[in-house]
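Notes follow once the structure below has been shown.
Residue numbers (this note's numbering): 2 to 319.
Encoded structure:
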């Protein structure tokens, strides 16, 4: 009997314990589950979508800024790696403030184009030829090294540098640079004028002929007679894309469906079967046939410009 009472008391005690423990455990478990789900919702941005969008936009903005800074650093190094040492040495001897500013801009990784324009703008009052030559040399190196320049800008900058070389008395440098300009821009009349000045300043007055921006090299030099330039026909024909043949003392030139027949020593020519007068006849010199350059070029629809400073002729097919 006594044992039965103790058993009942034990059961009642267990029931009372569980009646308090289970609700508390359930509440704790429920709170934990709610907290975990809430944290997931926070991570997913469900409670505040607007704030999450703002945060993402700020991160994208920061990423774009980082990319721009990396481009600046890269561009600066693409130039500096080649020219820093030369520019630093040049600065030791350059006194002109604008020139110093231009070189310093390169050291700081800023626009090479701006540096060239700043230096060229100073030429009117810049008197030190050695200083101009030194700065121009460094700027030319920088232009070649700057991978951010497009072809057109690079060509224009080289033309400006050619003018600077002229001012410095570095005529050979000016010619070489301007010739690279004309290879890219064969119709640039300003570049031809500057090239003519460079040749004239160096005393080179021999007739020079450029066809489509490229200088022709002759085994028999061109000559001027009665104010007309005579040039070896084969070199001119090749430059214009024409063909040359000979028949019974006549030179026959064909191009673009037209035919010119020139009799050696005759002041008459046939152009597509029509007789026309010549100021100077074709002639043979040292085994080469020379023909009037302007006459032949213009009959084949090419533009001819003559620059009298150094007797430079530019031929540009239209």
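Note that the Cβ used here is the ideal one computed from N, Cα and C, for glycine as well.
Report yes if the CB atom of residue i is closer than 9 Å to the CB atom of residue j, and no otherwise.
i, j, result
"residue 160", "residue 127", "no"
"residue 121", "residue 162", "yes"
"residue 185", "residue 214", "yes"
"residue 103", "residue 115", "yes"
"residue 212", "residue 291", "no"
"residue 87", "residue 130", "no"
"residue 108", "residue 138", "no"
"residue 113", "residue 147", "yes"
"residue 164", "residue 91", "no"
"residue 303", "residue 241", "yes"
"residue 190", "residue 315", "yes"
Just reading off the alpha helix (DSSP H) that residue i is part of, what are its end residues?
i, result
"residue 197", "190 to 202"
"residue 290", "No alpha helix (DSSP H) holds residue 290; the beta strand (DSSP E) holding it covers 289 to 293."
"residue 155", "152 to 169"
"residue 269", "From DSSP, residue 269 is part of no alpha helix (DSSP H) but of the beta strand (DSSP E) over 269 to 272."
"residue 142", "130 to 146"
"residue 235", "234 to 241"
Given residue i, which residues of its chain have a CB within under 6 Å of its CB, disregarding the five upstream and five downstream residues?
i, result
"residue 312", "206, 208"
"residue 271", "262"
"residue 277", "270"
"residue 202", "172"
"residue 60", "none"
"residue 141", "162"
"residue 319", "302, 304"
Cutting at 7 Å between CB atoms, please list the residues of its own chain near residue i, excluding the five before and the five after it.
i, result
"residue 181", "159"
"residue 273", "259, 260"
"residue 219", "233, 236"
"residue 287", "221"
"residue 156", "182, 185, 186"
Over what stretch of residues does the beta strand (DSSP E) that includes residue i continue unbroken?
i, result
"residue 98", "That residue, residue 98, is in no beta strand (DSSP E); its alpha helix (DSSP H) goes 98 to 108."
"residue 256", "251 to 256"
"residue 284", "284 to 286"
"residue 246", "244 to 248"
"residue 213", "Segment: none, residue 213 is in no beta strand (DSSP E) and carries neither H nor E."
"residue 186", "Counting along the chain, residue 186 falls outside any beta strand (DSSP E), and DSSP gives it neither H nor E."
"residue 302", "Neither: residue 302 is in no beta strand (DSSP E) and is coded neither H nor E."
"residue 316", "313 to 318"
"residue 117", "Unbroken run through residue 117 is the alpha helix (DSSP H), 113 to 122; no beta strand (DSSP E)."
"residue 220", "Element bounds for residue 220: n/a, residue is neither H nor E."
"residue 149", "Residue 149 -> no beta strand (DSSP E), and no H or E assigned at all."
"residue 263", "259 to 264"
"residue 205", "That residue, residue 205, is in no beta strand (DSSP E); it is neither H nor E in DSSP."
"residue 278", "275 to 278"
Can you round the beta-carbon distance between residue i and residue j to whole angstroms, since I take them to be within the 8 Å contact cut?
i, j, result
"residue 183", "residue 175", "Residue 183 to residue 175, Cβ: 12 Å. No contact."
"residue 221", "residue 289", "4 Å"
"residue 118", "residue 197", "Going by Cβ atoms, the distance from residue 118 to residue 197 rounds to 24 Å, so no, they are not a contact pair."
"residue 253", "residue 247", "7 Å"
"residue 231", "residue 284", "7 Å"
"residue 179", "residue 199", "7 Å"
"residue 97", "residue 132", "6 Å"
"residue 256", "residue 301", "5 Å"
Excluding the 5 residues flanking residue i on each side, which residues of the same chain have their C-beta closer than 8 Å to its C-beta?
i, result
"residue 279", "263, 267, 268, 269, 270, 293, 296"
"residue 227", "280, 281"
"residue 299", "305"
"residue 124", "133, 164, 165, 168"
"residue 154", "114"
"residue 244", "238, 254, 255, 256"
"residue 326", "Examination of residue 326 is not possible in this model, given that the chain is present from 2 through 319 alone."
"residue 310", "197, 198, 200, 201"
"residue 95", "101, 104, 132, 135, 136"
When the cut-off is 9 Å and only beta carbons count, does residue i lie next to chain B?
i, result
"residue 140", "In the structure shown, chain B cannot be found, because there is only a single protein chain."
Just checking residue i against the ligand FAD - is the residue's beta carbon closer than 8 Å to any of the ligand's heavy atoms?
i, result
"residue 216", "Summarising the ligand content, the structure contains no ligands, and the ligand FAD is consequently not present."
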